[in-house]
Structures are given as C-alpha cells and as structure tokens.
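Asks: Next up is a structure, given as structure tokens.
Numbering (my numbering), first residue to last: 25 to 65.
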C-alpha cells in the first residue's frame with residue numbers, strides 16, 4: 025500500500041462517518057473490495 029492509497033482510505037472512512045457506526049462493517053467491506061478490485065482492473 026502506497027501513501028496515496030493510505031490517504032484515499034482515510035478520506036473514504038472520514039467521508040462515511042456521517043452514516044454512523046451501525047454501518048461501519050458495510051463501509052469497511054466496501055472499502056476493502058474497492059481497494060482489492062478497483063486498483064487492479
């Protein structure tokens with residue numbers, strides 16, 4: 025993981041804070057899938 029991906033991750037998580045912690049697992053799952061597949065297409 026390089027620096028730009030780390031920053032993107034922090035921004036992504038911060039952006040989803042407004043949804044509340046009840047959706048945190050869904051957020052992390054979506055983020056993981058995005059990082060896993062989105063950068064390797």
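Glycine included, each C-beta is placed from N, C-alpha and C at the ideal position.
Just to check my reading of the structure: residue 86 and residue 59 have Cβ atoms closer than 8 angstroms, yes? What is that Cβ distance to the nearest angstrom?
Replies: Because the chain here runs from 25 to 65, residue 86 falls outside it and cannot be looked at.
Asks: Return helix, strand or coil for residue 65, following the three-state DSSP convention.
Replies: For the purposes of this step, residue 65 is taken as residue 41 along the chain shown, with counting starting at 1. Per-residue confidence for residue 65 stands at a pLDDT of 45, beneath the threshold of 50, marking its modelled position as unreliable; no derived number is given.
Asks: Using the Cα positions of residue 34 and residue 61, report the straight-line distance between them to the nearest angstrom.
Replies: Looking up residue 34 in the chain shown gives position 10. Looking up residue 61 in the chain shown gives position 37. Answer to the nearest angstrom: the Cα atoms are 18 angstroms apart.
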